[in-house]
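Scroll down for the structure; my scribbles are underneath it.
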Amino acid sequence: MNTYTGSVYVQGRMNVTSHKESRQWDETHQSLSCCGLKSYKNFETSKTWKKIYRISNTTVNSKIPASCCRLRDSDKFPDNPKEVIFTKGEECILKATEASAYLDGCWDKLRDEASWPAKMMIGFGVVCVIIILLCIILALLIIHYTNYDNAVDVQISKEVKNEDDYAEILNESIYSVSRGPPTYYAHSDYSGQTYKPNKSINNNNWDGRASGNYYVSNQ
Numbered sequence: 002m003n004t005y006t007g008s009v010y011v012q013g014r015m016n017v018t019s020h021k022e023s024r025q026w027d028e029t030h031q032s033l034s035c036c037g038l039k040s041y042k043n044f045e046t047s048k049t050w051k052k053i054y055r056i057s058n059t060t061v062n063s064k065i066p067a068s069c070c071r072l073r074d075s076d077k078f079p080d081n082p083k084e085v086i087f088t089k090g091e092e093c094i095l096k097a098t099e100a101s102a103y104l105d106g107c108w109d110k111l112r113d114e115a116s117w118p119a120k121m122m123i124g125f126g127v128v129c130v131i132i133i134l135l136c137i138i139l140a141l142l143i144i145h146y147t148n149y150d151n152a153v154d155v156q157i158s159k160e161v162k163n164e165d166d167y168a169e170i171l172n173e174s175i176y177s178v179s180r181g182p183p184t185y186y187a188h189s190d191y192s193g194q195t196y197k198p199n200k201s202i203n204n205n206n207w208d209g210r211a212s213g214n215y216y217v218s219n220q
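Residues in the sequence shown are numbered consecutively from 2, following my numbering.
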């Protein structure tokens with residue numbers, strides 16, 4: 002801040018400095034609503050800052066640079082400085098209150114601005130990881146249910162002739178038989194395997210139920 006000259010407050014208007022570094026600081030003050038590096042008090046040690054202004058034909062020592070004052074239309078600064086209107090110009094120059102000026106330093110706000118792209122990249126990375134995990138879980142579920150639906154047929158060696166034979170084979174299982182050769186489906190211990198008898202039942206028009214891990218269906 003030692004080389005800062007700053008824009009000048011002249012009778013309610015602002016004259017923008019031509020000094021490149023000072024102009025950049027002035028633009029930073031308005032764009033980030035801040036003043037100085039750590040705080041507005043940084044300008045107390047500035048040797049080049051033009052702090053002597055004239056207000057109502059009176060010479061005054063400003064507390065802060067004019068670019069730290071709150072403006073009604075800051076979008077016109079610094080391109081159209083003569084059209085800029087101060088919110089409370091004299092109060093800002095003489096007292097530098099919260100209502101009339103930006104008093105917080107620019108360092109923290111500059112750091113936040115610089116870290117914003119990194120935060121966005123981290124957030125994007127987290128979202129990508131979540132999507133990948135969901136895709137993996139979905140793929141595993143699809144594989145699981147595909148294998149379940151494509152069960153391996155295994156022939157039962159015992160000859161099935163009647164309902165008692167079914168009960169013996171199924172060990173008190175759930176069964177329901179209709180026309181045609183029945184098929185056994187394992188539900189728990191042998192999940193995914195299909196059992197077919199090697200012989201069709203003689204009476205294929207009966208239904209029965211019991212408790213167990215299997216059921217019989219004519220599919």
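Every residue, glycine too, gets a C-beta built ideally from N, C-alpha and C. The model shown is predicted, which means the values in this text are computed figures rather than measured ones.
Residue environment for His145: exposed (fewer than 16 other C-beta atoms within 10 angstroms of its C-beta). With the rule of 3 Cβ pairs closer than 8 Å, the region 102 to 114 counts as touching the region 23 to 35.
With respect to the 8 Å criterion, Val127 and Pro82 are not classified as neighbours on the basis of their beta carbons.
Burial is judged here by how many other beta carbons sit within 10 angstroms of a residue's own beta carbon; Thr29 has at least 16 and is buried.
Straight-line measurement puts the Cα of Ala140 at about 29 Å from the Cα of Met121.
A contact between stretches requires three or more CB pairs, one per stretch, nearer than 8 Å, and the region 52 to 62 meets this requirement with the region 92 to 99. For Arg14, the enclosing beta strand (DSSP E) covers residues 14 to 16.
Between Ser75 and the set Arg14, Ile138, Glu99, Asp109, the nearest pair of CA atoms involves Arg14.
Excluding its 5 nearest sequence neighbours in each direction, Cys70 has C-beta neighbours in its own chain below 6 Å: Phe87, Cys93, Ala102, listed in chain order.
When secondary structure is reduced to three states using DSSP, Phe78 falls in the coil class, being assigned neither helix nor strand. Within its own chain, no residue has a Cβ closer than 8 Å to the Cβ of Asp109 once the five positions on either side in sequence are excluded. Just so you know, the alpha carbons of Glu84 and Arg112 end up roughly 31 Å apart.
The DSSP assignment places 53 to 56, 59 to 62 as complete runs of the beta strand (DSSP E) inside the region 35 to 118, in order along the chain (cut-off: 3 residues). Within the same chain, Ser101 come within 6 Å of Lys89 by CB-CB distance, once the 5 residues on both sides are set aside. In the DSSP assignment, His30 falls within the unbroken alpha helix (DSSP H) covering 21 to 33. Around the beta carbon of Ser19, a 10 Å sphere encloses fewer than 16 other beta carbons of the protein chains shown; the residue is thus reported as exposed. Rounded to whole angstroms, Ser23 and Thr98 show a C-alpha spacing of 23 Å. In this model, Leu142 and Asp27 are separated by some 60 Å (Cα to Cα).
Taking C-beta atoms under 8 Å as the contact rule, Tyr5 and Ser63 fail to qualify, at a distance of about 13 Å.
If you draw a straight line from the Cα of Leu134 to the Cα of Cys107, it is about 41 Å long. As a beta-bridge residue in DSSP terms, Tyr10 pairs with Met15.
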